[in-house]
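Heads up: the sequence shown begins at 1 in full-length UniProt numbering, then just goes up one per residue.
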Amino acid sequence: MFQAIPYEGTRHEQFESVLGQLRALIHDEPNTIANLANASALLGHFLPDINWSGFYLYDGTELVLGPFQGQPACIRIPLGRGVCGTAAVERRTLVVEDVHAFPGHIACDAASNSEIVLPLIKNGELLGVLDIDSPLKARFDHEDRVFLEEFTAILVASL
Numbered sequence: 001m002f003q004a005i006p007y008e009g010t011r012h013e014q015f016e017s018v019l020g021q022l023r024a025l026i027h028d029e030p031n032t033i034a035n036l037a038n039a040s041a042l043l044g045h046f047l048p049d050i051n052w053s054g055f056y057l058y059d060g061t062e063l064v065l066g067p068f069q070g071q072p073a074c075i076r077i078p079l080g081r082g083v084c085g086t087a088a089v090e091r092r093t094l095v096v097e098d099v100h101a102f103p104g105h106i107a108c109d110a111a112s113n114s115e116i117v118l119p120l121i122k123n124g125e126l127l128g129v130l131d132i133d134s135p136l137k138a139r140f141d142h143e144d145r146v147f148l149e150e151f152t153a154i155l156v157a158s159l
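Here it is, written out as structure tokens:
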């Protein structure tokens, strides 16, 4: 059972607490959609100053909207297009301080100003991406990146 707790301590200690919650949420649950839904809800609950947290899943051709928290979103994203499509093709985390300056940015929510996208890779295969948006410019830093890369590694191992 998930229980909302106050996240206390250093930022690192708070991140460790969330990673523990993620492990507990996905433990012994084989359903991908359920695990992704809980993961996006956990991030939406924990991360301050975000307006969207969710997944786009690779269907062999393009990225398709998966479980998320936030406003309705773009349903399909071509590979190589926007921050999500670029992170998927390059298979690397992208931290964008100002999405309006990103070439080919896809504006699903006009309120979003910064973004972090992490590819989900398992056994060399692209599964999709984790996308998190913020209404603040430069919201995501190196610590967020390291935390979210560990978060996605734990999640991908369960998929």
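Even glycine gets a Cβ: it sits at the ideal position worked out from N, Cα and C.
Endpoints, the beta strand (DSSP E) within which residue i is located
{"i": "L94", "result": "L94 to V96"}
{"i": "L126", "result": "E125 to S134"}
{"i": "R76", "result": "R76 to P78"}
Cβ-based burial, residue i [other Cβ within 10 Å; buried from 16]
{"i": "T48", "result": "This sequence places Pro at residue 48; Thr is not what is there. The residue in question, P48, is exposed, as its Cβ has fewer than 16 Cβ neighbours within 10 Å."}
{"i": "G80", "result": "exposed"}
{"i": "I50", "result": "buried"}
{"i": "I26", "result": "buried"}
Length of the line joining the Cα atoms of residue i and residue j
{"i": "residue 165", "j": "S53", "result": "Any property of residue 165 remains undetermined from this structure, which presents the chain solely from 1 to 159."}
{"i": "G128", "j": "E115", "result": "16 angstroms"}
{"i": "D144", "j": "I132", "result": "11 angstroms"}
{"i": "G104", "j": "L65", "result": "18 angstroms"}
{"i": "K122", "j": "I5", "result": "31 angstroms"}
{"i": "V156", "j": "A101", "result": "30 angstroms"}
{"i": "D59", "j": "L126", "result": "9 angstroms"}
Residue from the options with nearest C-alpha to residue i
{"i": "V99", "options": "V64, P135, P78 and F68", "result": "P135"}
{"i": "E150", "options": "L19, P6 and R11", "result": "L19"}
{"i": "E62", "options": "P78, F55 and F68", "result": "P78"}
{"i": "T152", "options": "L130, A87 and F140", "result": "L130"}
{"i": "I33", "options": "Y7, P6 and F68", "result": "F68"}
{"i": "A39", "options": "L22, N31, E29 and P30", "result": "L22"}
{"i": "F46", "options": "E125, A107, V117 and E16", "result": "E16"}
{"i": "G44", "options": "L148, A110, E125 and V96", "result": "L148"}
{"i": "F140", "options": "E97, G9, A107 and E125", "result": "E97"}
{"i": "I154", "options": "C84, A24 and K137", "result": "A24"}
{"i": "G85", "options": "L118, A110, S112 and R11", "result": "L118"}
Short CB-CB distance (under 8 angstroms) between residue i and chain B
{"i": "H27", "result": "Going by chain labels, chain B is absent from the structure shown, which holds only one protein chain."}
Residue range of the alpha helix (DSSP H) that includes residue i
{"i": "D144", "result": "H142 to S158"}
{"i": "E13", "result": "R11 to I26"}
Checklist entry - When the Cβ atoms of the segment 69-77 are set against those of the segment 90-97, are three or more pairs found closer than 8 angstroms? => result no
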